[in-house]
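Right, one structure below, let's go through it.
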Amino acid sequence: MAQEPLATKGNFLHIYDFRVEAGREEEFVRLFEEFDYSDGNPMHKSWAQVKDGVLCRDTEDPQRFFLIAEWSDIVEHAKIRKVLAEELKPAFVGLIEGRKFVPKYVEVVSSTPDEILNAAAH
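Letter by letter, the sequence shown follows residues 20 to 141 in the numbering used here.
Put into structure tokens, the structure is as follows:
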């Protein structure tokens, strides 16, 4: 059994589900990483971010990507997202089909309790 749940009950995940323009997937990943790992990314400075996001690529559709991260407060995430969309305008968004980069928020309603994880580790 895995020793740590993906996310903690009571927190939230943001899940971005989007497609990148054909033939520009590698450029998208490069631009995403340049912005995401820079000092200019306000997401990484937020008290509400629990776990840093991961960018995932669909194994059957190379143009389709998902960005998932854990937050304790989705209102805080939405405030920062608005700054990104209206002020910072990262270059990678320009490679997304339809320029739509909006998350779906989901609440974590169950994650393996520590006592179960600890028992499985022994």
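We put the CB at the ideal spot given by N, CA and C, even for glycine.
query: Apart from the five residues on each side of it in sequence, which residues of its chain come closer than 7 Å, Cβ to Cβ, to leucine 86?
result: Result list for leucine 86: Tyr35, Gly72 and Leu74, in chain order.
task: State the CB to CB distance for the pair phenylalanine 54 and phenylalanine 111, rounded to an integer number of angstroms; the pair is presumed to be in contact (CB under 8 Å).
output: Right, the Cβ-Cβ distance comes to about 6 Å (below 8 Å), so this counts as a contact.
- prompt: Run through DSSP, which three-state label would lysine 98 get?
  reply: The three-state secondary structure of lysine 98, taken from DSSP, is helix.
- prompt: Of all the alpha helix (DSSP H) runs that stay within the bounds of the region 41-117, which reach a length of 4 or more residues?
  reply: Whole alpha helix (DSSP H) segments, 4+ residues: 44-55 and 93-102.
Spatially closest choice to phenylalanine 37 from Glu106, Asn60, Ile115 and Asp133, by CA coordinates: The candidate whose alpha carbon is nearest that of phenylalanine 37 is Ile115.
task: Note down, in chain order, each residue of its chain lying with its Cβ closer than 6 Å to the Cβ of threonine 78, except the 5 sequence neighbours on either side.
output: Within the same chain, and ignoring the five residues on either side of threonine 78 in sequence, no residue has its Cβ closer than 6 Å to its Cβ.
query: Which residues in the same chain have their Cβ closer than 8 Å to the Cβ of aspartate 133, if we skip the five residues on either side of it in sequence?
result: The answer is none, since no qualifying residue turns up.
query: According to DSSP, is leucine 136 helix, strand or coil?
result: Helix, per DSSP.
field: CA nearest to the CA of valine 127, picked from Glu23, Lys28 and Pro24
entry: Residue Lys28 is the option with its Cα nearest to valine 127.
message: Using C-beta distances below 8 Å, list every residue in its chain close to proline 61, excluding the 5 sequence neighbours before and after it, in chain order.
response: Only Ile99, Val102, Leu103 and Leu107 meet the Cβ criterion.
query: With leucine 136 and glutamate 89 assumed to form a contact (beta carbons below 8 Å), what rounded beta-carbon distance in angstroms separates them?
result: Between glutamate 89 and leucine 136 the Cβ distance is about 17 Å, and since that is not below 8 Å, they are no contact.
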